[in-house]
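Below is one structure, written out as structure tokens; comments come after it.
Written as structure tokens, this is what we have:
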């Protein structure tokens, strides 16, 4: 690309590293990667041109100090299981509820107990310890949250929710998130009733 050829060797190397980084993990928070975030801001024109050529949109959210790489191509998006989807919806709802009373400089804080209580609100069974660790690792990898305390299984373990959560789902109202979770729960119940009916037929 012409704009890239006009950059010095150091900036070209920076661009290659940033492109590889965002294609691997499409969320980035200044809190976690300050140097990379500042480089993205400085080289935004070159990066946006390159990603546009690939069919991606690069969002640099200076208000919330985070970066999001987005594509409409569904085959390039991460496929989540239903349980993972519910986890993400629950955390997204908690983020939405908590951020309204905070300044932009602050990250919402949530505890394991608060997440558990939100599951109970929707009459959902709480996940087991293995699933909890898996989901926390997934969210940490995508720079959606960070554990403040070491024992994530403890009810009082705290997590920082980064502002990248607002890009997980393009929904800005808690009511819409609640509706999505309710629909998933209802779908689960229908599937369970269907399975029970099939078992009774076999018996």
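Numbering (the numbering used here), first residue to last: 59 to 261. For each residue, glycine too, the CB sits at the ideal point set by N, CA and C. Source: prediction; values computed, not measured.
- Leaving aside the five residues that flank residue 190 on each side, the residues in its chain whose CB is nearer than 7 Å to its CB run, in chain order, 210, 211.
- For the pair residue 222 and residue 202, the CB atoms are nearer than the 8 Å cut-off.
- Looking at the DSSP output, residue 107 sits in no beta bridge, so it has no partner there.
- Each of 127, 117, 187 was checked against the Cα of residue 79, and the nearest Cα belongs to 127.
- By a beta-carbon distance limit of 8 Å, residue 208 does not contact residue 167. Their separation comes to about 16 Å.
- A direct Cα-Cα distance of roughly 51 Å separates residue 65 from residue 213.
- Counting only unbroken stretches of 4 or more residues, the alpha helix (DSSP H) elements lying wholly within the stretch 174-223 are 187-199, in sequence order.
- In the structure shown, the three-state DSSP call for residue 118 is strand.
- Taking a cut-off of 8 Å for Cβ pairs, the stretch 139-150 and the stretch 176-196 touch, as three or more such pairs fall below it.
- Counting along the chain, residue 128 sits inside the beta strand (DSSP E) bounded by residues 124-128.
- Between residue 77 and residue 220, the beta carbon gap of about 22 Å keeps them out of contact (Cβ cut-off 8 Å).
- Closest in alpha carbon position to residue 130, among 116, 154, 184, is 116.
- CA-CA distance, residue 141 to residue 182, rounds to 10 Å.
- Leaving aside the five residues that flank residue 73 on each side, the residues in its chain whose CB is nearer than 8 Å to its CB run, in chain order, 62, 65, 101, 104, 105, 108.
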